[in-house]
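Top line first, the protein sequences correspond to chains U and H. Sequential numbering of the first sequence, starting at -4, is according to my numbering. Sequential numbering of the second sequence, starting at -4, is according to my numbering. Don't be surprised by glycine CBs; every beta carbon is placed ideally from N, CA and C. A quick write-up on the structure given underneath.
2 protein chains.
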Amino acid sequence: MLSGACLIGQSGGPTAVINSSLAGAVITALKNPNITNVYGALHGIQGVLDETFIDFSLEDMNELELLKYTPSSALGSVRFFLDDFEKNSKVYEDILNVFKKYNIRYFFYIGGNDSMDSCMKINKYFKSVGYDCIVNGIPKTIDNDLCFTDHTPGYGSACKYIATTISEIYLDISAYKKGRVTIVEIMGRDAGWLTASSKIASINGCNPDLIYLPESSFCLDEFLDDVKNIYNEKKKVFVIVGEGIRDAKGDYILNYRNYNNNDTFGHLQLGGVASVLCEHVQNTLGFPVRAIELNLPQRCAAHLASNTDIEEAYMCGKTAIEVAVKNITGQMITIERENGSTKFGTVPLEEVAAKVKEMPAEFINAKGNHITDKYLEYVLPLIQGETKLRYENGLPRFARLKKILVSKK
Amino acid sequence: MLSGACLIGQSGGPTAVINSSLAGAVITALKNPNITNVYGALHGIQGVLDETFIDFSLEDMNELELLKYTPSSALGSVRFFLDDFEKNSKVYEDILNVFKKYNIRYFFYIGGNDSMDSCMKINKYFKSVGYDCIVNGIPKTIDNDLCFTDHTPGYGSACKYIATTISEIYLDISAYKKGRVTIVEIMGRDAGWLTASSKIASINGCNPDLIYLPESSFCLDEFLDDVKNIYNEKKKVFVIVGEGIRDAKGDYILNYRNYNNNDTFGHLQLGGVASVLCEHVQNTLGFPVRAIELNLPQRCAAHLASNTDIEEAYMCGKTAIEVAVKNITGQMITIERENGSTKFGTVPLEEVAAKVKEMPAEFINAKGNHITDKYLEYVLPLIQGETKLRYENGLPRFARLKKILVSKK
């Protein structure tokens, strides 16, 4: 069995439970006799190149446990694209030198598609130069778009936040007899996994009237027709849209603006498809409107995380260490579901890297404006259980790490 | 002591705890031998005029208890402006006729400034025509702008939601080494009570860089200077603005748009001062930006309500009934704080109606771009304790009322 230091990094967009995976990996690694040191790279690959490592053995175990309930990336994140080493080996050589200096023999990267791609490339490079190092990926993404895993850590908590918030907004906008057309915008540029979770509010009696996903082509006229019919009957309409909805030609609905919202460099400003649609409803139908973007809380609302998600994220981190010390490398940890029970497996990184899992068609209704009950069967187990986050002084008590830097070698 | 039916209504914008006040009033009234019936008017005064009353004695006590943890106005709300009866007595005569038909001798209205004004006018009218009826107001508003009460039910929960969400967003945007200028927009057209609560996140180590309230005049150039200095030092800036911030001339900053955002009819589109400021930061300073509107969840996020607020709201409802059966009328219930303990009192409706409580100047720093610690002393007790909301199937289990209508007489 390999003996040496273990290095863990986080990458890509934060989630409510990416730190729970970190806790699972760190706490498991600290107990393993073959792992001489447990380091965290600040800001992912960038921290590797900068040699900014923190020493987890100097942290309080209580604070490490609190990471399970702490949102965002405690180690800091990065968006760093690694070229193939055949094209540009310089950065790989730099990484290798650092790994050698600190005798890093175990490397774990927590992230989404791009991070799994980085992981795969580093693993391949180490093999090509004969450097003995276990490299495994730990999945995370609220987007739920990683292949070969039933679902991804981060998704269940985002769903629980969205479904709860949609329920509360539903009750709020139901208070007035004559209401508005309320359009809520949900994250997901290419896939509707997150937007679909608004459907969960139906089990609470708070079903949205219309739900539009990027997977179905969006027709403005049909949308306005649907809104008109519902408004005339109920005097209020509750619409959910994915930020990346597109028309039949593949153009983003976000571009259907009446005003010019390009920035000074001519780039289209991000966000706001709900506002764009509100504008069309108001101008064409004359109904009162309100646009709501759920925005960042979708990925960082740890106070409403799913305990199932927290525990699964933890187990993904733990499993990554457990398989690593069995000499299993080049893998991403997966979550498998069978007959209602969950187990953790592995899939080779090259299988999963840079691939995208799409919503099954059976989760979307024929008209492309709502979600089916089949989806509820899939998603409900993922939002079960509430976080054990403690409150102090009325606010959540998140982990406070000392982040003591390892002296540079 | 008066014997007859009791009627309760809700009015104005919903909050996370307005139903807790309803529960307090209903459960207390149901136990009182002098109160023959306990009715709820659907959609406030409109429900009185339409005679759409529900009979609370037909509801399950368990569901009535769950109202404590259920957001929005369970009875439905209304925005209904009552003229003085000296000017227009028709609507008052209609109300009186309905009250006589159902022998309503106790009337309670849960709402903000405008609702207290309606309450006062109805009470005056009843007195002027010699109709024996107790009329009391129960305060609610997330805006905290009612006079003669230390704070208002609904405010503490909104603060707890804002402070928690701001903490989570702070951690999220701290993940990247080089970040953006993130501008969060908070409700409050005229008063900064809600915006100020973002400061609470400082006790969690998540202090925003800049906080702007409608109370201080906003200077775009100074703002851009502040943002530039902070960004150059930290590579990210976290700004909180109240939606109603204005410049020295009193013009809304919302109007400082670079593009023409009038709709086809020439009306200014509502919302989005954070977006307007982001646009200026991007165009003038060239920094990456993100605008976030906290929007409706500020007033309906019952899942994050303050238990102190829930219990105080309940007590306000309960106290309204208790003083009523002692023949005390024409009052609004107040919350008083002395030496850390809370008690409930009353104030004549004419004192409080249509008045607005402003933020004390000592809560705002000299430069007008942050909040003082003095404010923390005031607000921290209001956010203590967590809701006892139960979850079912992974989602909050809100009250489900049967809402059986009373047959029209």
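is_contact[residue i, chain H] using C-beta, thresh 8 Å
i: ASN388 (chain U); result: yes
i: CYS214 (chain U); result: no
i: ILE198 (chain U); result: yes
i: ILE305 (chain U); result: no
i: SER301 (chain U); result: yes
i: LEU272 (chain U); result: no
i: ILE366 (chain U); result: no
i: ASP258 (chain U); result: Reliability of the predicted coordinates at ASP258 (chain U) is poor, the pLDDT of 42 falling under 50, and the value obtained from them is presented with this limitation in mind. Yes - at least one Cβ of chain H is within 8 Å of the one on ASP258 (chain U).
i: VAL176 (chain U); result: no
Rounded distance between the beta-carbons of residue j and residue i, thought under 8 Å
i: THR177 (chain U); j: ALA300 (chain U); result: THR177 (chain U) to ALA300 (chain U), Cβ: 26 Å. No contact.
i: GLU317 (chain H); j: THR23 (chain H); result: 7 Å
i: ILE164 (chain U); j: ILE287 (chain U); result: 7 Å
i: VAL284 (chain H); j: CYS273 (chain H); result: 4 Å
i: GLN5 (chain U); j: MET182 (chain U); result: Actually they do not touch by this definition, with Cβ atoms about 19 Å apart.
i: VAL401 (chain H); j: ASP50 (chain H); result: 5 Å
i: LYS194 (chain U); j: ILE206 (chain U); result: 6 Å
i: GLY19 (chain H); j: TYR309 (chain H); result: 4 Å
i: ALA269 (chain U); j: VAL232 (chain U); result: Incorrect: roughly 13 Å between the Cβ atoms, too far for contact.
i: VAL21 (chain U); j: LEU59 (chain U); result: 6 Å
Exposed unless 16 or more other CB atoms sit within 10 angstroms - verdict on residue i
i: ASP79 (chain U); result: exposed
i: ILE399 (chain H); result: exposed
i: SER407 (chain U); result: The structure shown has nothing for residue 407 (chain U), since chain U only spans -4 to 404.
i: GLY7 (chain U); result: buried
i: PHE358 (chain U); result: buried
i: SER123 (chain U); result: exposed
i: ILE161 (chain H); result: buried
i: ARG241 (chain H); result: buried
i: PHE102 (chain H); result: buried
i: VAL33 (chain H); result: buried
i: SER52 (chain U); result: exposed
i: MET354 (chain H); result: buried
i: VAL351 (chain H); result: exposed
i: GLU180 (chain H); result: buried
i: ASN322 (chain U); result: exposed
i: ALA349 (chain U); result: exposed
i: PRO66 (chain H); result: buried
i: MET(-4) (chain H); result: exposed
i: ASP246 (chain U); result: exposed
i: PHE405 (chain H); result: Any question about residue 405 (chain H) goes unanswered here, given that chain H covers just -4 to 404.
Interface flag, residue i vs chain U, CB-CB below 8 Å
i: THR23 (chain H); result: no
i: ALA20 (chain H); result: no
i: GLY183 (chain H); result: no
i: HIS298 (chain H); result: yes
i: LYS155 (chain H); result: yes
i: HIS38 (chain H); result: yes
i: SER68 (chain H); result: yes
i: ILE129 (chain H); result: no
i: GLU288 (chain H); result: yes
i: LEU396 (chain H); result: no
i: ILE195 (chain H); result: yes
Neighbour list for residue i in chain U, Cβ cutoff strictly below 7 Å
i: GLN379 (chain H); result: GLY389
i: LEU291 (chain H); result: ILE164, ASP167, ILE287
Closer than 9 Å at the beta carbon, the chain U residues around residue i
i: GLY71 (chain H); result: SER169, ALA170, TYR171, LYS172
i: ILE360 (chain H); result: It should be pointed out that residue 360 (chain H) corresponds to Asn in this sequence rather than to Ile. Ordered by position in chain U, no residue passes the 9 Å Cβ test against ASN360 (chain H), which lies about 22 Å from the chain.
Beta-carbon neighbours of residue i, restricted to chain H and to distances below 8 Å
i: ASN250 (chain U); result: Within chain H, no residue comes near ASN250 (chain U); the closest Cβ sits about 15 Å away, beyond 8 Å.
i: PRO9 (chain U); result: LEU166, ASP167, ALA170
i: LEU375 (chain U); result: ASN388, GLY389
Amino acids of chain H, ordered along the chain, whose beta-carbon sits closer than 9 Å to that of residue i
i: ARG294 (chain U); result: ASP167
i: ALA158 (chain U); result: GLY389, LEU390
i: PHE393 (chain U); result: SER162, GLU163, LEU166, ASN199, GLY200, CYS201
Contact set between residue i and chain H, taken where Cβ atoms lie within less than 7 Å
i: PHE218 (chain U); result: Neighbours of PHE218 (chain U) on chain H: none; closest Cβ ~18 Å, over 7 Å.
Segments of 4+ residues assigned as alpha helix (DSSP H) that fall wholly inside the stretch 349 to 399 of chain H: Complete alpha helix (DSSP H) runs here, min 4: 368 to 374.
task: Go through the stretch 3 to 46 of chain U residue by residue and report every complete run of the beta strand (DSSP E) that reaches 3 residues or more, in order.
output: The stretch 3 to 46 of chain U contains these whole beta strand (DSSP E) runs: 30 to 36.
task: Tell me the start and end of each unbroken alpha helix (DSSP H) in the stretch 194 to 247 of chain H that is at least 4 residues and wholly inside, in chain order.
output: 215 to 229
Every unbroken beta strand (DSSP E) inside the stretch 86 to 110 of chain U [3 residues or more]: 99 to 106
query: Unbroken alpha helix (DSSP H) runs of length 4 or more, entirely within the stretch 272 to 323 of chain U: which are they?
result: 292 to 295, 302 to 319
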